[in-house]
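In this note's numbering, the protein residues as written are 1189 to 1594.
Cβ coordinates follow ideal geometry from the N, Cα and C atoms, glycine included.
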């Protein structure tokens, strides 16, 4: 099975610019690029799904270039329903540096910034040397533009297509890039680049798009669609990432394995069968979490995520370090530690609605401190019993938690 057939099996090919792409991909040796704009200071799992294609194609003998658009990021790719808010030059530069460092660490390929060439073009040269190659009637037929015509689209957004096309042309001319890969929402911008190269240079260029990584309701993974799963461990901890994947939808987990891992077809088909016949074992989900977290954060981070999960499931809180507790309870409500009684702490943490109710929970063994049942309503939560002097974990019943911070 060639790389084209593998990508096809994984569901990673949506649109192709030319039928010869199958042969060209399987032959290897092409220089291609894939890009994103630095609208945030971290990549997220949607980016990871797309950028992983660079690794797959590199393994098949192609040469990847990753583009982080410090220039186009100042303009903003048109959204389907509204204009993107403008971000400052300082923010874009900061975000570029963050994304560049992430991309280089994760994928190890050359990273370029389109601000290096776009910022050197003045408006007259832009219109004379590039704008004249774009027919407005054709631009209006591009899907993303058509969807914005009723609500309105600014000239700034309208010209984004030309800027991205210019990127393809510039990389073709300076780095012999003959191929572009992107998400399916970029199809109009990609074909504009192919046309520009053909018109200005008389050369053929090629591209294919990938389906976007989506949830079962069709929404995509990104920072504007619900809570993003960031690749920056400070934004989304390996434990939180583990929980996300281990609890992902059964109907989507096999798609995620195909999109996000390098597991072989045979391994994924075996996991698919287990997902059907023994769904309670969650073997596919566990494999997904292991592969993704290990790739992004390393084996040690994955094992730490497992440790936190098992400790929380078993109630063995004392086996965790302070940093692991902070990671595992990052989203939980917390209160300030001040030597209060367990009764008062349960009320302040909203684990009980009154002193009477708090006493009942304690009496019935439903109140736990660092995993231990406490039956003494006068018990004081002091810094002395806090894990590493920093945290006390309160639990009421089986699932309600709160954190006491010192």
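Check: Starting from residue 1283 and walking both ways along the alpha helix (DSSP H), at which residues does that stretch end?
Finding: 1277–1295
Next item on the list: Per DSSP, which residues does residue 1396 bridge with? Please list them.
Entry: 1204, 1369
Checklist line | Alpha carbon of residue 1250 to alpha carbon of residue 1240, nearest angstrom | finding: 13 Å
Next item on the list: Thinking residue 1434 and residue 1470 are a contact (beta carbons under 8 Å), I'd like their distance in whole angstroms, please.
Entry: 7 Å
Check: Is the beta carbon of residue 1540 sitting closer than 7 Å to the one on residue 1533?
Finding: Cβ atoms of residue 1540 and residue 1533: not closer than 7 Å.
Next item on the list: With distances taken Cα to Cα, identify the nearest neighbour of residue 1404 among 1209, 1440, 1490.
Entry: 1440
Notebook entry, point to check: Quick one: what's got a C-beta closer than 6 Å to residue 1384's C-beta in the same chain, skipping five residues either side?
Noted result: 1321, 1353, 1357
Next item on the list: Pick out whichever of 1313, 1254, 1302 has its Cα sitting closest to the Cα of residue 1290.
Entry: 1254
Checklist line | Segments assigned alpha helix (DSSP H), at least 4 residues, entirely inside the region 1469–1503 | finding: Within the region 1469–1503, the complete alpha helix (DSSP H) segments at least 4 residues long are 1471–1485, 1487–1502, listed from N- to C-terminus.
Checklist line | Contact check, residue 1537 vs residue 1590, beta carbons under 7 Å | finding: yes
Check: From 1511, 1408, 1455, pick the residue whose C-alpha is nearest to that of residue 1427; which is it?
Finding: 1511
Note to self: Using the three-state DSSP reduction, which class does residue 1584 fall into: helix, strand or coil?
What the structure shows: In the structure shown, the three-state DSSP call for residue 1584 is strand.
Notebook entry, point to check: How big is the Cα-Cα spacing for residue 1401 and residue 1445?
Noted result: 11 Å
Checklist line | Backbone CA spacing between residue 1203 and residue 1376 [nearest angstrom] | finding: 11 Å
Notebook entry, point to check: So, using beta-carbon positions, are residue 1520 and residue 1567 closer together than 7 Å?
Noted result: no
Next item on the list: Quick one: grab the DSSP three-state call for residue 1561.
Entry: Collapsing the DSSP output to three states places residue 1561 in a strand.
Next item on the list: In angstroms with no decimal places, state the Cα-to-Cα distance between residue 1413 and residue 1303.
Entry: Residue confidence is low: residue 1413 scores 47 on pLDDT, short of 50, so the model does not pin down where it sits. Its coordinate-derived value is still stated next. Spanning the two alpha carbons is a distance of roughly 27 Å.
Margin query: I need the straight-line Cα distance from residue 1301 to residue 1260, nearest angstrom please.
Written below: 9 Å
Next item on the list: Classify residue 1576 as helix, strand or coil using the three-state DSSP reduction.
Entry: Residue 1576 falls in the coil class under three-state DSSP.
Checklist line | residue 1495 versus residue 1191 - alpha carbon distance | finding: 37 Å
Next item on the list: Compute the distance between the beta-carbons of residue 1554 and residue 1562, then report whether it is under 7 Å.
Entry: For the pair residue 1554 and residue 1562, the CB atoms are not nearer than the 7 Å cut-off.
Check: Any idea if residue 1368 is buried or exposed, counting beta-carbon neighbours within 10 angstroms, 16 or more meaning buried?
Finding: buried
Notebook entry, point to check: Can you list, in chain order, the stretches of the alpha helix (DSSP H) that have 4 or more residues and sit fully within the region 1318–1358?
Noted result: 1324–1329, 1331–1334, 1343–1346
Notebook entry, point to check: Nearest to residue 1397 by CA position, among 1333, 1347, 1200, is which residue?
Noted result: 1200
Notebook entry, point to check: Is there a Cβ from chain D that is less than 7 Å from the Cβ of residue 1593?
Noted result: Within the model displayed, chain D is absent; a lone protein chain is all it includes.
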